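Data first, discussion second: the structure below is written as structure tokens.
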């Protein structure tokens, strides 16, 4: 781990043990505290929390460095501002351009088969399979089936390519391929619905989370989506189902699970239900 950053303040000795290894859960908890207080607290206290968070880990994410830069500038903390600016510059210089290009190409295919044509084919083919009252046209059914089979082939190919990259290079973290391409790689895993119990990519994701290679919300999103796809209960309730009543015991368990990975409790989620959608904000 990099040496502790000296920002002119002394950490309590009780916390020193935490700084001997990556502690991304506490790191995210500090970050949440800062985000929650941006419009409420004095900037100097928020900068203090960020400094504590940054010293807990080997790699600080771009999003939080940018937040630190803004707060440091507002607080006239030139030393911390310079640190954030230097780290942001390094984050661009250290990207593996070859892997980034390869993953961008895979992600392009992932999105191609999720265009309108394929979506319509999925809807049509689904009716052919499951709606006994639906009067379909055979040529259209065959075409829809072909498009769906192409979609499945692309998804299977993409995940195998991604698994090969992970096997040879490690998880495609923000540090390795940049923030945007990292997100694309995570979406490819998210779309891998055949991993119904996360038994294929689960351990890879667990390791990536422990090492800070994937943030808690994306990690929880992948885990919960794959479970929901098979009609199983979520672990983190990252995908709200407000039409289902939640017991007090379930809420308590969800919050415990969320806390264990550095997510905010359910009480801090704002769920807006519209006719055909559910929107969440924190």
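Numbering (the numbering used here), first residue to last: 52 to 333. The C-beta atom is built at its ideal place from N, Cα and C for all residues, glycine as well. As the structure is a computational prediction, the values presented were derived from the model and not from experiment.
Buried or exposed by the 16-neighbour rule on C-beta atoms within 10 Å, applied to residue i
| i | result |
| --- | --- |
| residue 62 | With a pLDDT of 31 at residue 62, under the threshold of 50, the modelled position of that residue is not reliable, and no figure is offered here. |
| residue 233 | buried |
| residue 203 | exposed |
| residue 128 | buried |
| residue 318 | exposed |
| residue 295 | exposed |
| residue 293 | exposed |
| residue 325 | exposed |
| residue 285 | buried |
| residue 283 | exposed |
| residue 193 | exposed |
| residue 191 | exposed |
| residue 148 | exposed |
Short Cβ contact (8 Å threshold) for residue i with residue j
| i | j | result |
| --- | --- | --- |
| residue 113 | residue 142 | yes |
| residue 254 | residue 205 | no |
| residue 309 | residue 303 | no |
| residue 146 | residue 229 | yes |
| residue 152 | residue 175 | no |
| residue 79 | residue 313 | yes |
| residue 243 | residue 198 | no |
| residue 235 | residue 158 | yes |
| residue 262 | residue 83 | no |
| residue 164 | residue 200 | no |
Own chain, CB closer than 6 Å to residue i, minus 5 neighbours either side, in chain order
| i | result |
| --- | --- |
| residue 258 | none |
| residue 85 | 97, 100 and 101 |
| residue 124 | 132 |
| residue 91 | none |
| residue 119 | 101 and 135 |
| residue 65 | For residue 65, the predicted model reports a pLDDT of 29, less than 50, meaning its position is unreliable and no value from the coordinates is stated. |
| residue 216 | none |
| residue 110 | 226 and 263 |
| residue 231 | none |
8 Å CB neighbourhood of residue i in its chain, flanking five on each side removed
| i | result |
| --- | --- |
| residue 178 | 185 and 187 |
| residue 117 | 135 and 139 |
| residue 291 | 320, 322, 329 and 331 |
| residue 280 | 244 and 247 |
| residue 249 | 256, 273, 274, 277 and 278 |
| residue 221 | 227 and 264 |
| residue 268 | 289 and 314 |
| residue 311 | 76 |
CB-CB length for residue i against residue j, believed under 8 Å
| i | j | result |
| --- | --- | --- |
| residue 271 | residue 289 | 4 Å |
| residue 126 | residue 95 | 5 Å |
| residue 321 | residue 329 | Contact flag wrong, Cβ pair sits at about 11 Å. |
| residue 150 | residue 252 | About 18 Å separates the two Cβ atoms, so there is no contact after all. |
| residue 103 | residue 81 | 6 Å |
Close-in-space but distant-in-sequence residues of the same chain around residue i (CB under 7 Å, 5 per side omitted)
| i | result |
| --- | --- |
| residue 225 | 112, 113 and 233 |
| residue 297 | none |
| residue 122 | 94, 97, 98 and 101 |
| residue 305 | 287, 288 and 317 |
Inset, instruction - Inspect the CB distances between the stretch 207-222 and the stretch 233-243 and report whether three or more fall short of 8 Å. - result: yes
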